[in-house]
Amino acid sequence: MTASLARGLDRLLAGLRTLSSAGIWIGGGGLLVFSFAVLVEVLMRRFMNHSFAGLDELGGYMLAIVGAIAFTETLLHRGHIRIDVIHARVGRRLQSALDVLAMLGVIVFFGTMLFYAQHLLGRSIGLQSRSISSLSVILWVPQSIWFAGIALFVVTAMTLLARAIVALLLGDRATAVALIGLRSAEEELAEEVELTANALGEEHRT
């Protein structure tokens, strides 16, 4: 039963990774488009004494949405910062317990954020709130995407925690560490080497 649960959670994680990756690409494309719009506005302001109204407001929505989406991708790749003063000085079993506790803390924090985000979104929908700007943006539209990003993060964190606990019950500590544990110095170094090699390869091609 535990093994079948592990397989089900693996399939769910695969789907969440796909969603996160798609969100990152869409968000990155949105940032590129917005950056181009900022460039155009700067040039228009310089040479035509004209600017786009509300571009800074749209930028705020964009950053909030992309940030919420990026949380999930960062968590999946264990790119978030953890202070390991105690972690590095205890045995493996206690390290696993600390990993579980840390993920629980993340879930509680972002679960609370999701709870209040849901209240904010519901209020905006109920009141049909609009931004007090020349754009008069219907607030529930960007808030819905932002809320979905946070919800994806919470679901992903809960799935990672559940899969890690199942792995620990099966005696597979390596999988649990790969999911919610701290990245080792070797993993950090390997990533840096890979990024450097990719950058050098692109320089040679250009």
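97 is the number that the UniProt record's numbering gives to position 97 of the sequence shown; each next residue is one higher, with no gaps. Glycine residues also receive a C-beta, built at the ideal position from the N, C-alpha and C atoms.
- Judged by DSSP in its simplified three-state form, Ile-125 adopts helix.
- Assignment of beta-bridge partners to Arg-163 by DSSP yields no partner.
- Per the Cβ contact rule, the segment 61-80 is in contact with the segment 129-144 (3 or more Cβ pairs under 8 Å).
- The beta carbon of Met-103 sits closer than 8 Å to those of Ala-157, Leu-160, Leu-161, Ala-164 and Ile-180, all from its chain and outside the five residues before and after it, given in chain order.
- For Arg-93, the three-state secondary structure derived from DSSP is helix.
- When secondary structure is reduced to three states using DSSP, Arg-7 falls in the helix class.
- The Cβ atoms of Leu-114 and Glu-57 do not sit closer than 8 Å to each other.
- Relative to Tyr-116, the option among Arg-183, Phe-147, Ile-86 and Leu-94 whose CA is nearest is Phe-147.
- Taking the CA atoms as reference points, Phe-34 sits about 45 Å from Asp-172.
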